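Only one structure is covered here, and it is reproduced in the block below.
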Amino acid sequence: MMKFPESFSNIPGRETLARSQVLQRSWPVFLDLCVAGIGLACFYGVVVIARYWFGHPEPEIVISQSPRALPQYAFYSVVRIFLAYLLSLIFAIGYGYIAAYSKRVEPLMIAGLDILQSIPVLSFLPGVMLAMVALFPTRQIGVEMGAIVLIFTGQVWNMAFSFYSSIKSIPRELTEAANIYKFSRLQKLIQLELPYAAIGLVWNSMVSVAGGWFFLMACEMFVLGTRDFRLPGLGSYLQTAAGTGNYMAITWGLLTMVAIIVATDQLVWRPVIAWSDKFKFEQVESASRVHSPMLHLFQHSRGLQSLRRYTVVPLEESLYRRLAEERGVGANTNAAKPVRRKAKNGILSTVLRGLVILIASAAVLYAAWQALTLLREVHGSQFAGILKGAMATFLRVNVSLIIAAAWTIPAGVAIGFHPRLARIAQPIAQIAASVPATALFPVILLALIRIGGGMNIGSIALMLLGTQWYILFNVIAGAMAIPSDLKEVATLFHFTTIQKWKTVILPGIFPFLITGMVTASGGAWNASIIAEYFRLKNQTLQTVGLGATISAATDSGQFQILLLATIVMAIMVVTINRLVWRPLYRLAETRYKLGG
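Using full-length UniProt numbering, read the sequence shown as starting at 1 and increasing by one per residue.
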């Protein structure tokens, strides 16, 4: 047996090597402990929420303005926004998928999406809240679910538009490859459509969550006729502080919200952006990639790797194998099926489809009749006031869109083209987008009143603060999705700045830009309910506009005015979408679609 001399133990590199070996062994254990700690924290949060939600509803909740109440309020608000986002993601994927592949219902579904995104949050409020409270009359979960659904109505539409437009713009060669390899619908969704739509969906998710923070104040504290609904949360805290003019409480609330947004950016969005970067459609790999310590934690945890290796991967493979076998067996057995059985199944499906259409038509006709009955109570002068307010809001929306597009397009392209700039600008933009403009609006409004601007300019400023992020985040996603080889070709041929914008940048971001403009337009109409009607120091400031009409009708319980104003707003938004945005969507699907 060979023995090393005692002096070998004194070699300087041996101690360093031993330390590195110990570190290599202990590091995966540390990562597993971190993942386990995150799991236990999530489990405890679920227990706390379950105890609160399934408790008896409190008849009248007093919102404390003490900073000590902020941790609990912040936790409740984060849970509401997170659950509303999950609901929005599931709805967006399902709705966008069906609209993209069902030719018969696609026009109806897109028209429905146009109408739904144009309906303000407060217009959903009476039906949603009363229905949820009626479902759970003895539990707090009824009011909580109502608030979550209201936040959902402010988050989901741009995500659904993004997923729909991504599916419609998938390059033809990728679709043909999936068909050649006989992918099932589920396999095609998981391995082609979701990865291709990932970048746009991620950035629209960020702006959707920012929209959730924007409408949080309206969803956690509102008056419906004679009933005063209040939920403990950051939104109700900020609205109470703004209503009483407590600027110290507003400052504490905003600092808490900024801390949550920064933590969300580092713990959620930064890892998701780094993960989605691998789905970029390009032939040349980008030299610079986004990195995230949190993503490294999840990717190098031995516990999660073992869970994926021994559960997720086998289940995925068995599922795909079973689907492939069913397609093969189905192709062989279908040829031997008798014609009589086919006819019988066809008759049965036709009868069921007709029955569903009949029931749905009866429900729509009944609801339309009830609405017409309610609209009979509207006087001619009230209708004229609604039309006047609609024109005023229309002008404010378009002014805010022009101002937003003027700075977000160049800024978004710069951020998307330069990863170093993105590392700095993306968290700042996320924080700025997530801080609700309604919390800053009292300060902005008081300054505008002092210089003589008033609510007319203030409402445009609030619309701009609430909707410019839809355009910015979509442009960033579009710039990041431009293949690196196209950028290298532009550099190789020494394109001028104008040539690069005309041949690479604008065509590349065009589908994303149209999605951002459509959702920003709908968001501006939605924001009018807060921008044109605001409570400040126990007094109500308002200007002529459709949003002010809807907010005032909600406060006073005039449901006939609320219904008519909502219908007028929906008609105007749908008309604009049909005359302007829909032709641009078709142009994005045909002329500016990536393909070989």
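Ideal Cβ positions, reconstructed from N, Cα and C, are used throughout, including at glycine.
Note that the coordinates shown come from a computational prediction; the quantities given were computed from them, not determined experimentally.
*Throw me the rounded Cβ distance for the Val399 and Ile476 pair, which I believe falls under 8 Å.*
Between Val399 and Ile476, the beta carbon gap of about 23 Å keeps them out of contact (Cβ cut-off 8 Å).
*Should Gly39 be counted as a contact of the ligand GTP given a C-beta to heavy atom distance under 7 Å?*
Annotation note on the ligand GTP: not contained in the displayed structure, which lists no ligands.
*Alpha-carbon to alpha-carbon, Ala481 and Val489*: Computed Cα separation, rounded: 16 Å.
*Going by beta carbon distance, what residues of the same chain come within less than 6 Å of Leu23, once the five residues before and after it are set aside?*
Per-residue confidence for Leu23 stands at a pLDDT of 47, beneath the threshold of 50, marking its modelled position as unreliable; the derived number appears in the next sentence. For Leu23, same chain residues with a beta-carbon under 6 Å away, outside a window of 5 residues either side, do not exist.
*Can you list, in chain order, the residues of its chain whose CB lies under 6 Å from that of Asn256, leaving out five sequence neighbours each side?*
This sequence places Thr at residue 256; Asn is not what is there. Counting only Cβ-Cβ distances below 6 Å, and skipping sequence neighbours, we find Leu70, Ala74.
*According to the neighbour-count rule (16 or more other Cβ atoms, all chains shown, within 10 Å of its Cβ), is Tyr196 buried or exposed?*
By the neighbour-count rule (16 or more Cβ atoms within 10 Å), Tyr196 is buried.
*DSSP state of Tyr76, grouped into three classes?*
Per DSSP, reduced to three states, the secondary structure at Tyr76 is helical.
*asked:* For the segment 155-171 against the segment 89-101, do three or more pairs of beta-carbon atoms, one drawn from each stretch, fall closer than 8 Å, so that the two count as touching?
replied: Yes, the segment 155-171 is in contact with the segment 89-101.
*Please name the residue in Arg591, Tyr533, Ala447, Ile529 whose C-alpha comes closest to that of Phe124.*
The residue among Arg591, Tyr533, Ala447, Ile529 with its C-alpha nearest the C-alpha of Phe124 is Ile529.
*How close, in whole Å, do the beta carbons of Ala553 and Tyr533 come, if the pair is a contact with beta carbons under 8 Å?*
Between Ala553 and Tyr533 a beta carbon distance of about 10 Å is seen, past the 8 Å cut, so the two are scored as non-contacting.
*Mark Ile93 as exposed unless 16 or more other C-beta atoms lie within 10 angstroms of its C-beta, in which case mark it buried.*
By the 16-neighbour rule on beta-carbons within 10 angstroms, Ile93 is buried.
*Taking the continuous beta strand (DSSP E) assigned at Thr540, which residues delimit it?*
Going by DSSP, Thr540 is part of the beta strand (DSSP E) stretching over 539-542.
*So, is Thr496 buried or exposed, given that buried needs 16 or more other C-beta atoms within 10 angstroms?*
When all chains shown are included, Thr496 counts as exposed.
*Below 7 Å CB to CB, which residues in the same chain sit around Leu448 once its five sequence neighbours on both sides are set aside?*
Cβ neighbours of Leu448 beyond the five flanking positions: Gly454, Ile457, Gly458.
*Report yes if the C-beta distance between Pro120 and Ile576 is below 8 Å; otherwise report no.*
Not a contact, by the Cβ cut-off of 8 Å.
*State buried or exposed for Ser276, treating a residue as buried only when at least 16 other CB atoms are found within 10 Å of its CB.*
Ser276 should be labelled buried.
_Anticipated Cβ contact below 8 Å, Val207 with Ala433, distance rounded_ = The pair is a contact, with the Cβ atoms about 6 Å apart (cut-off 8 Å).
*What separation, rounded to the nearest whole angstrom, lies between the Cα atoms of Asp555 and Thr240?*
Across the structure, Asp555 and Thr240 are spaced so that their CA atoms are roughly 16 Å apart.
*Can you say whether Met248 is buried or exposed, counting buried as having 16 or more other CB atoms within 10 angstroms of its CB?*
Counting the other CB atoms within 10 Å of its CB gives Met248 a total below 16, which places it among the exposed residues.
*What are the uninterrupted segments assigned as alpha helix (DSSP H) that are 4 or more residues long and contained completely in the segment 206-280, given in chain order?*
Counting only runs of 4 or more, we get 216-220, 234-244, 247-264, 270-276.
*Give a yes or no on contact between the segment 384-403 and the segment 521-528, applying the rule of three or more CB pairs nearer than 8 Å.*
Taking a cut-off of 8 Å on C-beta distances, the segment 384-403 touches the segment 521-528, as three or more cross pairs fall below it.
*Would you kindly report the start and end of the unbroken alpha helix (DSSP H) that includes Thr519?*
For Thr519, the uninterrupted alpha helix (DSSP H) segment begins and ends at 506-531.
_Can you tell me which residues form a DSSP beta bridge with Phe534?_
DSSP lists Leu541 as partners of Phe534.
*asked:* How far does the alpha helix (DSSP H) with Pro410 in it extend, from its first residue to its last?
replied: Per DSSP, the continuous alpha helix (DSSP H) segment holding Pro410 begins and ends at 380-417.
*asked:* Mapping the DSSP letters down to three states, classify Ile180 as helix, strand or coil.
replied: Residue state, collapsed to three classes: helix.
*asked:* Rounded to whole angstroms, what is the Cα-Cα separation between Glu589 and Ile63?
replied: Distance between the alpha carbons of Glu589 and Ile63 is about 49 Å.
*asked:* Please classify Ala193 as buried or exposed, where buried requires at least 16 neighbouring CB atoms within 10 angstroms.
replied: A small fix is needed here, since residue 193 is Glu in this sequence, not Ala. Buried, because 16 or more other Cβ atoms sit within 10 Å of the Cβ of Glu193.
*Decide if the segment 176-195 is in contact with the segment 143-158; the criterion is three or more beta carbon pairs, one per stretch, under 8 Å apart.*
Output reads no: the segment 143-158 does not touch the segment 176-195.
*asked:* On the criterion of 16 or more Cβ atoms from any shown chain inside 10 Å, does Ile561 qualify as buried, or is it exposed?
replied: Around the C-beta of Ile561, 16 or more other C-beta atoms lie within 10 Å, and the residue is accordingly described as buried.
*How far does the alpha helix (DSSP H) with Val312 in it reach, from first residue to last?*
No residue range can be given for Val312, since it is assigned to no alpha helix (DSSP H) and is classified by DSSP as neither H nor E.
*Report yes if the CB atom of Gly200 is closer than 8 Å to the CB atom of Tyr76, and no otherwise.*
The beta carbons of Gly200 and Tyr76 sit no closer together than 8 Å.
*Taking DSSP as the reference, what is the three-state secondary structure of Ile170?*
Ile170 falls in the coil class under three-state DSSP.
*Given that a residue counts as buried once 16 or more other Cβ atoms are within 10 Å of its Cβ, and exposed if not, what is Ala404?*
Under a 10 Å Cβ-count criterion, Ala404 is classified as buried, with 16 or more other Cβ atoms of the shown protein chains found around its own Cβ.
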